[in-house]
Every structure is written in structure tokens, then in C-alpha cells.
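Colleague:
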């Protein structure tokens, strides 16, 4: 969609001098809600979201890029949102993940390493009559359908 492409350009332009920030996704919903998810290597502040929102909103209005009324929402991806970019894995090292794999398997474990092509998780495995053991598994990113960060309230 042309609007989404223009919004991506505007966001990239606004964060160009902030290498720690990155665009995760832009989506225009059928109810004219424009959602922009931006994240950072150490998270993103409300002030950054406001600045991006003002920049994008100003230019969209100036260019009359969206002809009908719309709602603009700029935020970091929510806790329930799947990870979409390789860069998000590095930020979540040390957290528990739930993975869905292309072969139908599901895995849960602590993310201990991430690179451009794979991640390593530590899973707790219990064999009958034995203690729980931590087992490291390296998983290729191409073999992952979906990754969600698990939130613990302990």
C-alpha cells in the first residue's frame, strides 16, 4: 500500500540520527487506524513515540496522503506481539520465549544467544526419574514461524 510505504519513509527519516531505534512495522487497518511500531535496542521512550507521531502526522496532513479521517498510533510492539525482526532477538536475550517451528514443534526456553541466522535457547528437560536438566538448542531463524516473549509475574 502506498500510504504504508510513505509512512515507512517518514519514520526512517525521523529516526535516521538515532541508530539505536528501528522500525518494526507499519500497518493501516480497514477502520483507518494507522499503527506504527518502533522499538529500540534499550526500548523506546514516550517522547520518541510522540516525536515520531508528530513528524509523520504533520507530513501526512501536508501531503494529504490519507483522504479520510484516520487514527495514528505510534508505540513499541506490545508484550503479546510476536518478534518480527532479527534485531528484536538480541534485545530479549535472557528472557523466556515460546516458539512455533515450521515442523509443527513448539518450544519454550530462555534465549541465551542470537545472531543474524539463528538463536540459542535453554530448555528445561525432565526425563522420568531424573532431575530437570537444561538443554541448549540452536534454532535457525528460517525454521521459526512465530516467537513470543513470555511474561513472568514471579
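Numbering (the working numbering), first residue to last: 289 to 442. Beta carbons are placed, not taken as given, at the ideal position from N, Cα and C, and that holds for glycine.
1. Could you tell me which uninterrupted beta strand (DSSP E) segments, each at least 3 residues in length, are contained entirely in the stretch 339–416, listed from first to last along the chain?
2. Which of helix, strand or coil does DSSP assign to residue 330?
3. Output yes or no for whether 7 Å exceeds the beta carbon distance between residue 406 and residue 434.
4. Please report the residue range of the beta strand (DSSP E) in which residue 293 lies.
5. With DSSP run on the structure shown, which of helix, strand or coil describes residue 418?
6. Mind checking which residues open and close the beta strand (DSSP E) that includes residue 310?
7. Distance, Cα to Cα, residue 299 vs residue 412?
8. Checking 7 Å against the spacing of the C-beta atoms, do residue 410 and residue 398 come in under that value?
9. Look at residue 379 and residue 388 and say whether their C-beta atoms are less than 7 Å apart.
10. Using a threshold of 7 Å, state whether the C-beta atoms of residue 312 and residue 336 are closer than that.
11. Along the chain, where does the beta strand (DSSP E) containing residue 433 start, and where does it finish?
12. Leaving out five residues before and five after residue 309 in sequence, what residues of the same chain have Cβ atoms less than 7 Å from its Cβ?
13. By how many angstroms is the C-alpha of residue 355 removed from the C-alpha of residue 381?
14. Would you decide whether residue 376 is buried or exposed? Buried here means 16 or more other CB atoms lie within 10 Å of its CB.
15. Go ahead and label residue 341 buried or exposed: buried means 16 or more other beta carbons lie within 10 angstroms of its beta carbon, across all protein chains shown.
Modeller: In brief:
1. Considered as a whole, the stretch 339–416 harbours 359–363, 384–389, 394–402 and 406–414 as its complete beta strand (DSSP E) runs of no fewer than 3 residues, in chain order.
2. coil
3. no
4. It is not in any beta strand (DSSP E) - residue 293 instead sits in the alpha helix (DSSP H) that spans 290–302.
5. Shown here, residue 418 sits in coil according to DSSP, grouped into three states, outside any helix or strand.
6. 309–316
7. A direct Cα-to-Cα measurement between residue 299 and residue 412 gives close to 40 Å.
8. yes
9. no
10. no
11. 432–437
12. 303, 326, 328, 332 and 336
13. 42 Å
14. buried
15. buried
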